[in-house]
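Final position of the sequence shown in the working numbering is 913; the numbers increase by one with none missing.
Worksheet for the structure shown next.
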Amino acid sequence: MKFLAVLATTVALVSAAVLDPVHSLVQREVANSDVTAFALPDGRSKLEVVVDGVLEGTIVETADGGLIAYDAFGKEIDLDAEHGDDSIVKRGKLDVILKLGKILKRWGGRAWTFFKCTGYGAAVRCGDEFLDCAQYGQPPWTCIEGIACVGGSAKKCI
């Protein structure tokens, strides 16, 4: 019985040590990211995601209200695909674009307006909370966890 307890503890510690670098990488990328919004001449919006001073990608609103996300090299990012086959470093760099892009794609113009009001930096910082709500069919402007993460400034945006 002691053997099983020691084995289970060892497996838990080793698993935590292996998974922690991935979590730390993603948290560092989110903390060092900056999202800048631009209005295009035709009235659509464009977001540029910069991580550690390097452009990592853009999200562009399309004429029909959808969006297209591009990485730093101009390659289109499929927001519906599972990105499990990418390297850890690449996923970390694209994490901000993927989170924000999935939410904006799902909820459209109202989400663009909500995040413009709260600030895209808050949307990135609280992206996990908003993405969790979106997976359960809850839009960002009704997501209690996301609004609590953003803080009091989100009240005026609801």
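By construction, the Cβ of each residue, glycine as well, lies at the ideal position given by its N, Cα and C atoms.
Just the C-alpha distance for residue i and residue j, rounded to the nearest angstrom, thanks.
i: W862; j: P894; result: 7 Å
i: V879; j: D819; result: 24 Å
i: L849; j: A909; result: 25 Å
i: S779; j: G874; result: The predicted position of S779 is uncertain, since its pLDDT is 44 and thus under 50; no value can be drawn from it.
i: K757; j: L810; result: 52 Å
i: G884; j: Y891; result: As written in the sequence, residue 884 is Glu, which differs from the Gly given in the question. Their backbone Cα atoms lie some 11 Å apart in a straight line.
i: D826; j: K911; result: 32 Å
i: W896; j: G829; result: 31 Å
i: P796; j: E900; result: 35 Å
i: G798; j: I814; result: 14 Å
Taking the alpha-carbon of residue i as reference, which of the options has the nearest alpha-carbon?
i: G821; options: C881, A903, L859; result: L859
i: C898; options: Y875, G876, F869; result: F869
i: L886; options: V851, G798, D797, G874; result: V851
i: I913; options: D883, W867, Q890; result: W867
i: G808; options: D826, I823, N787; result: N787
i: A889; options: L855, E816, S800, D826; result: L855
i: V806; options: R799, G876, G907, E884; result: G876
i: C881; options: F828, I902, R799, S800; result: I902
i: A836; options: D789, K857, E803; result: K857
i: V804; options: L834, L853, A794, T817; result: L853
What are the residues that DSSP puts in a beta bridge with residue i?
i: Y825; result: T813, E831
i: K801; result: F793, V815
i: V806; result: S788, V809
Verify the contact flag: residue i, CB atom, against every heavy atom of the ligand SAH, threshold strictly below 8 Å.
i: G892; result: Although the ligand SAH was asked about, the structure shown includes no ligands whatsoever.
Tell me which residues share the same chain as residue i and place their Cβ nearer than 7 Å to its Cβ, disregarding the 5 neighbours each side in the sequence.
i: K871; result: A792
i: I823; result: V815, T817, E831
For residue i, which residues in the same chain have their Cβ closer than 8 Å to its Cβ, ignoring the five residues on either side in sequence?
i: G906; result: A877
Between which two residues does the alpha helix (DSSP H) harbouring residue i extend?
i: I902; result: 899-905
Apart from the five residues just before and just after residue i, which ones in its own chain have a Cβ nearer than 6 Å to its Cβ?
i: L802; result: V790, A792, I814
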